[in-house]
Amino acid sequence: MNILENSLLEELGKENMTGVAYKNVNQKRSIVSYFANVGNATIAELCKEFTLSAPKVTSLLNDLISDGLVRDYGKVGSTGGRKPNLYGLAPDAGFFLGIDVKNNSVNIGLTDLQKNLVKIEEHVPYLLNNSEESLAELCNIIKGFIAGLSIPKSKIWSMGINLSGRINYATGHSYSFFHFQEEPLSRILEEEIGIKVYLENDSRAMAFGEYSNGSVDNYKHVLFLNLDHGLGSGIIMNGQLYYGKSGYSGEFGHMPVFDNEILCHCGKKGCLETEASGWALVRMFKEKVAEGSSTLVMRNKHNLDDVSLESIIDAANNDDVLAIELIAQIGEKIGKTLAGLINIFNPELVVLGGSMAATGEYIRLPIKSAVNRYSLSLVNNDTTFQISSLGNRSGVIGACLLARNRQLDLG
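All the letters of the sequence shown, read from the start, carry residue numbers 1 to 411 under UniProt numbering.
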């Protein structure tokens with residue numbers, strides 16, 4: 001039997017629940033949330049955490065064990081007396097898909113109920129554009145991944161899909177890609193694939209992945225910068241993703257900071273992205289080569305049209321002078337704009353992610369230098385900078401974990 005039927009997950013979806021039934025569901029949800037966010041625990045620890053009696057906690061655990069959500073892991077070590085049993089989530093009770101859609105590829109992965117990454121496929125070839133054909137190809141990639149799994153499809157409870165641009169995660173609408181119908185994109189994908197879908201902005205999902213499963217330690221105020229073909233950010237405030245009024249927070253790349261005539265992908269001029277993004281780097285690089293600059297990149301390219309962001313990043317990591325110089329210029333511009341955000345948000349940590357972050361110190365140092373010059377010293381002294389620890393996998397992991405939390409209605 002599919003665990004989504006006749007279980008806590010079904011109960012969570014019921015409306016107009018009142019009285020004892022409502023209280024029991026919320027108590028079970030609280031226990032599941034505790035296991036998900038804190039880890040395994042004994043009955044005594046749960047009694048203390050939720051101020052409940054041992055018989056009540058035992059009853060709730062028995063229900064969750066019957067649902068298949070929780071497992072009794074047996075006796076644990078004790079300083080004396082009778083050893084207590086340890087309880088926690090059953091990792092193989094359910095699984096979650098994460099799909100991170102890039103400009104030229106897709107990363108897709110599967111995690112279990114305890115956040116373990118079970119399988120991942122990275123850099124699956126794919127061309128993202130706003131067309132029916134591109135959407136159909138994305139669905140085929142997802143279906144192909146599911147078909148290759150060793151678990152039945154019924155055990156996949158939900159999936160998270162990351163797209164760049166304006167995403168309303170609450171309604172499931174995408175306003176930058178695949179907005180062909182009034183119906184939410186999440187519902188269209190659900191009908192096509194047959195699994196519950198949660199849509200999210202790629203930068204926010206990456207921020208959540210890094211925050212939940214990376215090396216963010218105990219920081220509660222974090223800015224995550226997604227430095228890719230475009231620029232985006234994910235904001236963590238008090239340990240929670242910040243969405244803003246309509247869910248469109250984090251459009252870092254569209255801050256109007258330049259007085260130029262370069263048309264941005266958003267339709268406006270002067271955005272940060274026009275001179276400090278991956279696609280701006282490619283444009284600047286081609287211009288320099290056309291003017292006569294030498295570079296390692298052109299040793300393996302027949303013409304300028306073959307130059308890509310990935311090839312420039314590879315060149316920088318192989319000490320290519322032109323690539324390093326242009327990345328430093330990009331970093332300076334990003335850092336100057338970031339200085340304003342640091343003055344406003346006063347974050348504990350700034351995490352640099354996305355493809356350009358793979359150049360490491362070549363991008364981090366000019367960003368940090370510009371922040372030091374343009375932000376208030378008292379503010380930036382409290383801010384630590386680091387490169388994403390999850391790298392290319394942050395989006396996939398974030399998508400899986402957001403789908404998990406939303407499916408189980410976890411806090």
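All C-beta atoms in this analysis are idealised placements derived from N, C-alpha and C, irrespective of residue type, glycine included.
Please state whether DSSP places residue i in a helix, a strand or coil.
i           : result
residue 421 : A query on residue 421 cannot be resolved here, the shown segment of the chain reaching from 1 to 411 and no further.
N6          : With a pLDDT of 44 at N6, under the threshold of 50, the predicted position of this residue should be treated as unreliable, though the coordinate-derived value follows. Coil.
Q386        : strand
F258        : coil
N107        : strand
D92         : helix
S174        : strand
P125        : strand
residue 412 : Absent from the structure is residue 412, since the part of the chain shown begins at 1 and ends at 411.
V20         : helix
N168        : strand
I99         : strand
N139        : Per the sequence shown, the amino acid found at residue 139 is Cys instead of Asn. In the structure shown, C139 sits in a helix (DSSP, three-state: H, G or I).
C271        : strand
L365        : helix
I151        : coil
D409        : coil
N62         : helix
T51         : coil
K336        : helix
N317        : coil
G395        : helix
Let me confirm a value: residue i is counted as buried when at least 16 other C-beta atoms fall within 10 Å, else exposed. Which label applies?
i           : result
T171        : exposed
R71         : buried
R393        : buried
V282        : buried
G234        : buried
Y169        : buried
G94         : buried
K75         : exposed
V32         : buried
A136        : exposed
D259        : exposed
N6          : Reliability of the predicted coordinates at N6 is poor, the pLDDT of 44 falling under 50, and the value obtained from them is presented with this limitation in mind. When all chains shown are included, N6 counts as exposed.
L378        : exposed
V20         : exposed
G267        : exposed
I262        : exposed
P256        : exposed
K245        : exposed
F180        : exposed
E361        : exposed
L315        : Per the sequence shown, the amino acid found at residue 315 is Ala instead of Leu. Buried, since its Cβ has 16 or more Cβ neighbours within 10 Å.
L241        : buried
E191        : exposed
residue 426 : Outside the displayed span of the chain (1 to 411) sits residue 426, for which this structure offers no information.
V396        : buried
Y22         : exposed
What are the partner residues of residue i, as DSSP defines its beta bridges?
i    : result
D72  : Y87
V222 : I236, L349
A41  : Y87
V197 : M159
L231 : L227
N119 : Note that residue 119 is Lys in the sequence shown, not Asn. Its beta-bridge partners are L110.
L263 : K269
Who are the Cβ neighbours of residue i in its own chain at under 6 Å, not counting the five residues just before and after it?
i    : result
M1   : With a pLDDT of 35 at M1, under the threshold of 50, the modelled position of that residue is not reliable, and the figure given next carries that caveat. If we look at M1 and ignore the five residues flanking it on each side, it has no Cβ neighbours.
D319 : none
C264 : C271, E273, T274
R404 : F96
G391 : none
H123 : S105
L401 : S212
L376 : N343
What residues in its chain sit with their C-beta under 7 Å from that of residue i, if we drop five residues either side in the sequence?
i           : result
A399        : G98, I99, D100, G160, I161, N162, E200, A205
residue 488 : Residue 488 is absent from the structure shown; the chain starts at 1 and stops at 411.
Below 8 Å on the Cβ atoms is my guess for residue i versus residue j; work out the distance and round it to an integer in Å.
i    : j    : result
G353 : F224 : 6 Å
I141 : V106 : 5 Å
Y248 : R406 : About 18 Å separates the two Cβ atoms, so there is no contact after all.
K115 : N213 : 6 Å
I108 : F50  : I108 to F50, Cβ: 37 Å. No contact.
A276 : K333 : 4 Å
D92  : D67  : Incorrect: roughly 14 Å between the Cβ atoms, too far for contact.
Keeping to the same chain, check which residues put their C-beta closer than 8 Å to that of residue i; ignore five residues upstream and five downstream.
i    : result
H221 : I236, M237, N238, F345, N346, P347, E348, L349
G230 : S164, G253, H265, E273, S277, G278, W279
Y73  : N40, N85, L86, Y87, G88
T42  : V76, P84, N85, L86, Y87
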